[in-house]
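Worksheet: one structure, shown below.
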Amino acid sequence: MRLLTVFWVIPLIVLLPTVGAAQGLFSGNEFNPSISLILDGQFSSYSNDPDDYAMSGFLLDDEAGLTSEGFSLDESELVVSGNADDWFYGYADVVFKDEEGETEVELEEAYFETLSLPGGFTLKGGKFLSAVGYNNRFHPHSWDFADEPLVYRAMFGKALTDKGAQLRWVAPLDLFVELGAEAMKGDSFPAAGGANDGVGAGTAFVKLGGDLNQSNSWKTGFSWYRYDVDGRDSPIEDGRMVFDGDGNNIYIGEFVWKWAPGGNLRQRNFKFQTEYFYRDESGRTEAETPTLTENGRYDLDQRGFYAQAVYQFRPRWRLGVRYDWLSADNTLAGITVPNPLDDDGRDPRRYTLMTDYSRSEFSRLRLQFARDESSSDADNQLILQYVLSIGAHGAHQF
Amino acid sequence: MNQVKLFLFACLLYVATPGAGRAEDRVRVFACEPEWAALAEEIGGDRVEVFAATTGQQDVHYIQARPSLIARYRQADLVICTGADLEAGWLPLLARQAGNRRVAQGQPGLLLAAEFVPMLEVPVSVDRAGGDIHPYGNPHIQLDPHNITHVAKALGTRLIEIDAAGRDHYEPRLRDFESRWQAAIVDWEARGAALSGTGIVVHHRSWVYLEQWLGLDELGSLEPKPGSDPSASYLAELLAGLEGEDLKLIIRSAYQSDRASNWLASRTGAPAVVVPQTVGAVSGADDLFSWFDTVLERLGATGP
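As structure tokens, this is what we get:
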């Protein structure tokens, strides 16, 4: 025992302050809160004018569409997070957008999350990315492609973010089973207006996942988004259309499969991801043009999916392919203006190829080419993108 | 809809039932690394049920918060991890997604080994231009057996705190482990004495605790900076720098690519060796004792 004591005491004396300073090392950052800055910029070239972007059979959100042509700063994010105390974790993500020479500041997320509810429950409140679907939880800088799947663009604008509360529960099982529900204001596309005393939308979701073996893991989920539409305004040719309708639904199915030999992601890994959306919305609509105002009824019956695969074939290098497809079967009654919901007998599609290089976990350069057949006028889209992350260590989300 | 409600209700009942889902009343241990899983088994014996989140074939830094890990974390009574940022990419995510307050920060159910050992290489400043630097110091603490001793004591104390009824079970097991471990250390140190001053090149700078313990002399690393992969130009530079040095071994972990090691081995004549960085990383290193036996054996220390 004496040998041990001697061995111990000497380094202990030398290193005592170090040991003391090393308490509470969990959060992954020496600062409280942890702070990170995401720099995300791109150069894009399109064969069509991005301002004319349209999708057959879908009326898009104002914000939805393509990043402006040439050099652009899509989203620079400042993320601050940390534990407020033993009950609450806080997270805020401020996004700076540079559009047409002006910097817009947007609060992408600002929420609290509980740390110590009993029974496997977690409560989240504030403004946050909804847990519906798979891609929705990820910020644009951690997507595997430079832009969102078409079905997200069509049905959520880009992603579903709203103010509200979320309660979720993880089952005490070896199989991952998560159940959750959200109540939301209904401020964001496709809901509008915060109807019903400010609770105009809600979601419910179930997620399952596990490991097949050491090399293969999977996750699947089903989500339901129910929303009221109260005065959603969409620009149409020479005017606008306003939509109202309660109790509408979007259903989402997701599936993700990841492979890495022996569970070692470093050298090679593969990820397959797919989601299917179905939207069922109906109500009253009013069309306004300089010459007339008309009232009618509308019924949206829309679906879409995408499937993508990304392969890291050697350290730092990845290759990806993606296929997007949507289809709409809308009806509009009592309106005589050119029907903006008409799909011209065409299903929007897009084919994307991507390759990226990551110098480290904290930087990525990406080259992406897409042939976008969202409308009758097919578009060739080339994007060169960089993403840097400075500060706190990023999260390895599944 | 009614079926969904019924299901939710059933789930609520299930969690509200004390001890629900437990086949036995054992302490569930979630260990981030295999060495802590092995240690928990040594001290906990049949009073604990241990889950190892990673294997010896994985780079612990590059783990994702997979659903299977969240599910296990959710059920844990005790989480034992290295800490010091080693699991920075996934451990905080597991904690937030699993909703398990027994193992929340500040609870006895969370044990971070690095808090109980003297850390090496604590940087004065952290700049990522220098690679993926860990602000709390080099987190690969497991390769000094004296560190295992410190963590064993801490783990014994925690197990008693969590499962007070098992005091008479854990205390003798801890004492027994400590005396066997101490005897083994004496043996390893006798065998390892000949290794003092041995010149080595490492793949990743994850061997500093082993180097300090055995007095190995690190002449360079295959990674230009921690976490970045070896490049041809850097390796040529490394090779030039090794001129005149007495390089004896090129060592790497089980999960690291052999390309850079083999390249350097062919240029220098020094053998490239896989040294198990944890329990189970190579065959034969099946528990804590045989792991360190294998480490010494692979380093060339066969006898005293």
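Quick note, the sequences are listed as chains A and B, same order.
According to numbering that gives the first Met the number 0, the residues represented by the first sequence are 0 to 397, in order.
According to numbering that gives the first Met the number 0, the residues represented by the second sequence are 0 to 303, in order.
Glycine included, each C-beta is placed from N, C-alpha and C at the ideal position.
| Query | Result |
| --- | --- |
| Chain B contact for G23/A (CB, 8 Å cutoff) | Confidence at G23/A is low in this model, with a pLDDT of 46, below 50, so the placement of that residue is unreliable and no value is reported for it. |
| The stretch 127 to 145 of chain A contacting the stretch 250 to 261 of chain A, beta-carbon criterion three pairs below 8 Å | yes |
| Closer than 8 Å to chain B by CB, G27/A | In this prediction, G27/A scores a pLDDT of 49, lower than 50, which makes its location untrustworthy; no coordinate-derived value is stated. |
| Run of the beta strand (DSSP E) containing N261/B, from where it starts to where it stops | No beta strand (DSSP E) holds N261/B; the alpha helix (DSSP H) holding it covers R258 to T267. |
| Cα-Cα separation, T16/B to L116/A | Confidence in T16/B is poor, its pLDDT being 47 and thus under 50, which makes the residue's placement too unreliable to answer from. |
| Burial state of F70/A, where buried means 16 or more other Cβ atoms lie within 10 Å | exposed |
| Distance, A109/A Cα to D92/A Cα | 6 Å |
| Ranges of the beta strand (DSSP E) found wholly within the stretch 263 to 333 of chain A, counting only runs of at least 3 | 268 to 287, 292 to 313, 316 to 327 and 330 to 332 |
| The alpha helix (DSSP H) enclosing M87/A, as first and last residue numbers | The question names Met, but residue 87/A in the sequence shown is Phe. No alpha helix (DSSP H) holds F87/A; the beta strand (DSSP E) holding it covers F87 to E98. |
| Residues of the stretch 250 to 284 of chain A whose Cβ lies closer than 8 Å to any Cβ of chain B, in chain order | K257, G261, G262, N263, L264, R265 and Q266 |
| Any chain B beta carbon closer than 8 Å to Y226/A | no |
| Coarse secondary structure for K304/B, derived from DSSP in three states | Absent from the model: residue 304/B. The displayed extent of chain B is 0 to 303, so no value can be given. |
| Distance between beta carbons of G199/A and K184/A, contact taken as under 8 Å | 6 Å |
| Cβ neighbours of W89/B in the same chain (closer than 7 Å, five flanking residues each side left out) | I62, Q63 and A64 |
| Beta carbon of G209/A nearer than 8 Å to that of L174/A | yes |
| Residues in the stretch 44 to 63 of chain B having any Cβ partner in chain A nearer than 8 Å | T53, T54, Q56, Q57, D58, Y61, I62 and Q63 |
| Cβ neighbour criterion (16 or more within 10 Å) applied to G262/A | buried |
| Buried or exposed (CB count within 10 angstroms, at least 16 for buried), R265/A | buried |
| For E34/B, the first and last residue of its enclosing alpha helix (DSSP H) | P33 to G43 |
| Inter-stretch contact at 8 Å, needing at least 3 Cβ pairs: the stretch 267 to 277 of chain B / the stretch 246 to 259 of chain B | yes |
| Those runs of the alpha helix (DSSP H) which lie wholly inside the stretch 163 to 190 of chain A and span at least 4 residues | none |
| Closer than 7 Å at the beta carbon, the chain A residues around G105/B | D85 |
| Sub-8 Å separation of L287/B and T267/B beta-carbons | no |
| Cβ of V169/A within 8 Å of any chain B Cβ | yes |
| Nearest candidate by alpha-carbon position, reference L111/B, set N261/B, Q96/B, T81/B and L85/B | T81/B |
| Member of A259/B, L218/B and L263/B whose CA lies at the smallest distance from the CA of E244/B | L218/B |
| Cβ-Cβ distance between I334/A and T284/A below 8 Å | yes |
| Stretch-stretch touch, CB-based, cutoff 8 Å, three pairs: the stretch 293 to 301 of chain A with the stretch 310 to 323 of chain A | no |
| Spatial distance of F242/A from G226/B (CA atoms) | 53 Å |
| Reduced DSSP secondary structure (H/G/I, E/B, other) of P91/B | helix |
| Those residues which DSSP pairs with D24/B across a bridge | Per DSSP, none; premise fails for D24/B. |
| Limits of the unbroken beta strand (DSSP E) element including I250/B | L246 to R251 |
| Nearest-angstrom Cα separation, counted from R302/A out to D48/A | 26 Å |
| 8 Å Cβ cutoff, D245/A in contact with chain B | no |
| Near-chain A residues of the stretch 217 to 231 of chain B - C-beta to any C-beta below 9 Å | K224, G226, S227 and D228 |
| Length of the line joining the Cα atoms of E280/A and L299/A | 5 Å |
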